Amino acid sequence: MKKVLRVFSLVMIFSLLLVFTSCNNSVISEDEVKEKMETLGYVALDASQFVVEENDMKNAFYFAKGTDEMNALASIAKGGDYIVILYFNDVSKAKSVYQEYKNSLNENVSIERVNECVYFGTEAAIKDFK
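Every letter in the sequence shown is one number past the one before it in our numbering, and letter 33, counting from 1, is 36.
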């Protein structure tokens, strides 16, 4: 009986660990995003055009593949990889901006939301960000 109880306990512990780790919807932190994207060959661009309401936002980032700012902007014009990352103060604002952007972006642009973060751009850039 003790053996069955131990096996059952171990199975329950592993099951709970699996559930908790699979439910972790996290996104890279604001502090790490610039370093990660620049390491992957992206250049930071001015993100002020994407700021919705300053009071509702923590931070905004805009990255494009390229060697420098001019090269990255030219790359975007030619269909190159880019991503815009918006961090909000609360989930409700992130949800409303996500819905607004989702309805207005063209079909070539992917958009996702995780908690207070909304990000959109090319699929390759989103994959790099994740």
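Every residue, glycine too, gets a C-beta built ideally from N, C-alpha and C.
Keep in mind the model is a prediction, meaning the values are calculated, not measured.
Asked                                                                                                                    : Found
Determine the contact status of E119 and I129, defining contact as a CB-CB distance below 8 Å.                           : no
What's the gap between the Cα of E126 and the Cα of Y90?                                                                 : 19 Å
So is V121 buried or exposed if we call it buried at 16+ other beta carbons inside 10 Å?                                 : buried
Let's see if you can read the secondary structure: which residues bound the beta strand (DSSP E) around N62?             : 60-68
If you draw a straight line from the C-alpha of S107 to the C-alpha of Y65, how long is it?                              : 18 Å
Report, in whole angstroms, the separation of the C-beta atoms of E48 and A75, which I expect to be a contact under 8 Å. : The question names Glu, yet the displayed sequence has Leu at residue 48. 6 Å between Cβ atoms; contact.
Classify S32 as helix, strand or coil using the three-state DSSP reduction.                                              : coil
Name, in chain order, the residues that DSSP records as bridge partners for E115.                                        : Y122
Which one of E38, V46, E41, G124 has the shortest CA to CA distance from I88?                                            : G124
Within 10 Å of its beta-carbon, does N28 have 16 or more other beta-carbons around it, so buried, or fewer, so exposed?  : Because the pLDDT at N28 is just 44, under 50, the model does not fix this residue reliably, and the value given afterwards should be weighed accordingly. When all chains shown are included, N28 counts as exposed.
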